[in-house]
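Chemist:
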Amino acid sequence: MTETIPEEPKSKSQIKREMQALRDLGKHLVELSPASLKKLTLNDATREAVVAARSMKREALRRQLGRIGALMREEDAERVVHALEQLSQPHRDQVRAQHELEEWRDKLLAGDTGLIDSLAQSYSGLDRQYVRQLVRNAARERGHEKPPKSARALYKYLNDLRSSS
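Be aware that the sequence shown starts at 47, since it is given in this note's numbering, and climbs by one per residue.
1. Closest by CA to K195, which one among L207, D206 and R182?
2. Would you check if the stretch 137–146 and the stretch 168–183 touch, i.e. whether three or more CB-CB distances between them fall below 8 Å?
3. Return the Cβ separation of L161 and L154 in integer angstroms, given the expectation that the two are a contact with Cβ distance under 8 Å.
4. Let me check understanding here. Comparing Cα to Cα, which of N205, L71 and L75 lies closest to L165?
5. Go to S57, then tell me how far its alpha helix (DSSP H) extends in each direction, as first and last residue.
6. Out of E191, G157 and Q60, point me to the one whose CA is closest to Q179's CA.
7. Give me, in chain order, the residues of the same chain whose beta-carbon lies closer than 7 Å to that of L107; leave out the 5 immediate sequence neighbours on both sides.
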């Protein structure tokens with residue numbers, strides 16, 4: 047005996063929150079580049095509404111976003127959100143890699159010589175002497191209050207090293 051429990055109807059506030067979430071999703075779609083928008087599978091009416099919203103100003107844009115929100119009710123919102131996350135994933139990976147390179151550079155400039163050894167194990171093409179020279183030059187530049195030319199060169203070298211392996 048399986049009894050089905052009837053679902054309680056959604057409250058008015060819950061419905062409003064869901065509609066606002068769909069409008070926000072529509073606004074995010076309007077802000078996408080045309081190339082990114084083409085990668086998403088949307089029905090024609092939604093796609094046309096998003097493209098039209100790009101040229102609108104203030105109040106017309108607000109009304110159009112409401113229309114896009116209404117059209118989004120017909121779309122699979124979870125699928126669209128997932129596709130948007132997939133579009134932004136390469137950017138997040140790139141930012142994470144840049145932060146890691148900056149951290150390596152900062153540790154090397156702070157005098158962490160053990161990092162050179164661990165990088166040499168990970169990247170066989172690492173020129174230890176060149177890295178040490180860049181670290182020394184960067185310290186000298188900091189002492190003389192010069193622009194961080196060597197620190198930038200160290201970052202570029204680490205970036206090139208990572209991309210070559």
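We treat Cβ as the ideally placed atom computed from N, Cα and C, and that holds for glycine.
Modeler: The short version:
1. R182
2. no
3. 6 Å
4. N205
5. Per DSSP, S57 lies in no alpha helix (DSSP H) segment and is marked neither H nor E.
6. G157
7. The residues are A99.
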